[in-house]
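Data block below; observations after.
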Amino acid sequence: MPASLCGTWDMLSNVNFEGYMIALGIGLSTRKVALRLKHRKVIEKISEVYVIKTLSTFKNYALSFRINEEFDEYTKGLDGRHCKSVVTWEGNRMVCTQKGEKKNRGWAHWIEDDKLHLELYCEGQICKQVFKQVA
Ligand code: ECB
Numbered sequence: 198m199p200a201s202l203c204g205t206w207d208m209l210s211n212v213n214f215e216g217y218m219i220a221l222g223i224g225l226s227t228r229k230v231a232l233r234l235k236h237r238k239v240i241e242k243i244s245e246v247y248v249i250k251t252l253s254t255f256k257n258y259a260l261s262f263r264i265n266e267e268f269d270e271y272t273k274g275l276d277g278r279h280c281k282s283v284v285t286w287e288g289n290r291m292v293c294t295q296k297g298e299k300k301n302r303g304w305a306h307w308i309e310d311d312k313l314h315l316e317l318y319c320e321g322q323i324c325k326q327v328f329k330q331v332a
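Under this note's numbering, the first residue of the sequence shown carries the number 198, and numbering increases by one thereafter.
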């Protein structure tokens with residue numbers, strides 16, 4: 198049984214977010230603002246549906262999905278692309294593949310030392326984020 202990712206988590210570190218945003222084609226002025234943000238993750242599981250909210254003072258993004266069921270993802274307010282996404286468990290890692298225009302795109306969440314870890318990847322760039330639990 199994977200460790201629960203559910204809860205409210207605040208960003209502690211954000212390595213190579215710049216490289217990830219460049220890979221997604223985000224322009225310089227948006228990147229400058231986005232780089233300064235501290236993200237908050239709110240992860241809930243309601244029956245069989247996971248909801249992951251990424252909150253910041255600049256933009257918010259919400260995703261809901263069922264494990265192992267492909268869905269249409271529209272990265273509204275982010276890079277604004279459409280993906281065929283699917284989230285699976287690989288051991289204790291929650292892994293999402295985002296099939297679309299960008300190659301090798303996806304993310305993985307896991308818990309390590311009571312912290313929530315996230316890797317965001319796109320076309321060879323890897324952004325590594327760590328969050329601490331707040332609630
Ligand atoms: C929503 C807070 C970040 C806002 C950044 C604003 C502009 C940058 C535009 C595009 C950058 C691409 C992605 C933003 C990075 C994080 C937001 C959500 C990343 C994500 O896919 O999280 C997953 C895993 O937790 C759930 O959607």
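Even glycine gets a Cβ: it sits at the ideal position worked out from N, Cα and C.
Test item: CB-CB of residue i and residue j under 8 Å
{"i": "GLU267", "j": "SER282", "result": "yes"}
{"i": "PHE333", "j": "LEU232", "result": "Outside the displayed range of the chain (198 to 332) lies residue 333, so it cannot be described from this structure."}
{"i": "MET208", "j": "HIS236", "result": "yes"}
{"i": "TRP347", "j": "LEU317", "result": "Since the displayed the chain opens at 198 and closes at 332, residue 347 lies outside it and no answer follows."}
{"i": "ILE240", "j": "GLY288", "result": "no"}
{"i": "HIS299", "j": "LEU202", "result": "One detail in the question is off: residue 299 reads as Lys in this sequence, not His. No, these two residues do not count as a Cβ contact at 8 Å."}
{"i": "ILE264", "j": "THR251", "result": "no"}
{"i": "VAL246", "j": "SER261", "result": "yes"}
Three-state secondary structure (DSSP) of residue i
{"i": "GLY222", "result": "coil"}
{"i": "GLY216", "result": "helix"}
{"i": "VAL327", "result": "strand"}
{"i": "PRO199", "result": "Low local confidence applies: a pLDDT of 48 at PRO199 is under 50, so the model's placement there is unreliable, with the coordinate-based value given in what follows. In this structure, PRO199 counts as coil in the three-state DSSP scheme."}
{"i": "GLU316", "result": "strand"}
{"i": "ASP310", "result": "coil"}
{"i": "THR205", "result": "strand"}
Near ligand 3: residue i beta-carbon under 7 Å from a heavy atom
{"i": "LYS299", "result": "Ligand 3 is not part of the structure shown, which contains ligand 1 as its ligands."}
Self-check item: Length-filtered (3 minimum) beta strand (DSSP E) runs lying within the region 232-307
Solution: 237-243, 246-252, 258-263, 268-271, 279-287 and 290-296
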